[in-house]
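What follows is one structure encoded as structure tokens, with my remarks underneath.
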Amino acid sequence: MTRVLILILMSVAGWCSTVGAVEVKYWDRLPIAVPLTVGQERILMLDEDIRVGLPSAIASKLRVQSVGGTVYLRASEAIPPTRLQLQSVKSGDIILIDIEALEGSESLEPVKIVAQSQAQTSDVDTKPDPTPAATPVPVVLTRYAAQNLYAPLRTVAPLPGVRRVPLGESSEFSTLLPTEHVSIKGLAAWRLGDYWVTAVKIVNRGPAKVTLDPRHLQATLYAATFQHEYLGHAGTPEDTTVAYLVTRGGDLKHALLLPPLAPEAADHES
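Just so it is clear: in the sequence shown, position 71 is 71 by this note's numbering, and no numbers are missing.
Here it is as structure tokens:
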């Protein structure tokens, strides 16, 4: 079975255009409004692991993922005003949010949700900290990789501590999607602390459209982000995309669940 541990599915275009802005909202028993833009991911950041209660009526319209206190919401079509429950895994406490997804091109910043009791405690014990909440390392690292591949170098924001790492002798990773007729080759990799991000190019070699789903990746990953949601059939402009795969404690090669293809097989797929 696919063992993708954590999926960070942000739109790369959104990352490159958003520079760390965070909207802070306080929970004081009144539902929090969280507007969504169709086709764009919005991030909710909390201070603890969260379960999300999703009404069945919108289950096919809203992709929801919760990872380590961060919730990722992406609407595939317009959604009328709907209430979601965010429940603390540890305490069972519930926070209510009201979402509504509308068509548009507006990029919405991440939302930091703070319980009013936490805010009051912070006001008593410490002075207000003007520094916004730190963005998770996998998000920062993936954004950095995307900028290095697609943005002019002069516009790439420096990332202290990051370094580029070699891909190794083989950059062939087609066993990541063994059930699809695709070739996957590494483009570049970077490391920041205990995290690695590897950018790989995925090319459709078959006559059918391929829908890309991080759950199908045969690797133990901390995060996975596709630049596009699908591949067009071979020979079309849409037959190629890039994926950003984050691993922890080792590079992508050591995270593969299936052994790499033999060199002659890899050359044949290329």
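All residues carry an ideal CB built from backbone N, CA and C; glycine is no exception.
What does a CB cutoff of less than 6 Å around residue i pick up in its chain, not counting 5 residues either side in sequence?
{"i": "residue 32", "result": "25, 97"}
{"i": "residue 238", "result": "232"}
{"i": "residue 88", "result": "48"}
Going by C-alpha distance, which of the options is nearest residue i?
{"i": "residue 47", "options": "135, 204, 147, 177", "result": "135"}
{"i": "residue 67", "options": "52, 79, 22", "result": "52"}
{"i": "residue 104", "options": "39, 230, 191", "result": "39"}
{"i": "residue 59", "options": "69, 255, 82, 70", "result": "82"}
{"i": "residue 172", "options": "100, 22, 253, 108", "result": "253"}
{"i": "residue 168", "options": "70, 186, 138, 258", "result": "186"}
Go through its chain and collect everything with a Cβ distance to residue i's Cβ below 7 Å, but skip five positions before and after it.
{"i": "residue 29", "result": "none"}
{"i": "residue 194", "result": "248, 249"}
Measuring straight from C-alpha to C-alpha, what distance separates residue i and residue j?
{"i": "residue 235", "j": "residue 209", "result": "11 Å"}
{"i": "residue 153", "j": "residue 112", "result": "30 Å"}
{"i": "residue 179", "j": "residue 189", "result": "25 Å"}
{"i": "residue 140", "j": "residue 146", "result": "10 Å"}
{"i": "residue 245", "j": "residue 159", "result": "18 Å"}
{"i": "residue 165", "j": "residue 27", "result": "42 Å"}
{"i": "residue 204", "j": "residue 212", "result": "11 Å"}
{"i": "residue 227", "j": "residue 91", "result": "36 Å"}
{"i": "residue 271", "j": "residue 240", "result": "With the chain covering 1 to 270 only, the question about residue 271 has no answer from this structure."}
{"i": "residue 55", "j": "residue 84", "result": "7 Å"}
{"i": "residue 102", "j": "residue 63", "result": "15 Å"}
{"i": "residue 124", "j": "residue 114", "result": "Residue confidence is low: residue 124 scores 47 on pLDDT, short of 50, so the model does not pin down where it sits. Its coordinate-derived value is still stated next. So the two alpha carbons sit approximately 15 Å from each other."}
{"i": "residue 181", "j": "residue 202", "result": "10 Å"}
{"i": "residue 183", "j": "residue 177", "result": "9 Å"}
{"i": "residue 108", "j": "residue 34", "result": "10 Å"}
{"i": "residue 22", "j": "residue 45", "result": "9 Å"}
Output yes or no for whether 8 Å exceeds the beta carbon distance between residue i and residue j.
{"i": "residue 41", "j": "residue 61", "result": "no"}
{"i": "residue 223", "j": "residue 142", "result": "yes"}
{"i": "residue 218", "j": "residue 192", "result": "no"}
Please classify residue i as buried or exposed, where buried requires at least 16 neighbouring CB atoms within 10 angstroms.
{"i": "residue 110", "result": "buried"}
{"i": "residue 93", "result": "exposed"}
{"i": "residue 74", "result": "buried"}
{"i": "residue 230", "result": "exposed"}
{"i": "residue 86", "result": "buried"}
{"i": "residue 214", "result": "buried"}
{"i": "residue 199", "result": "buried"}
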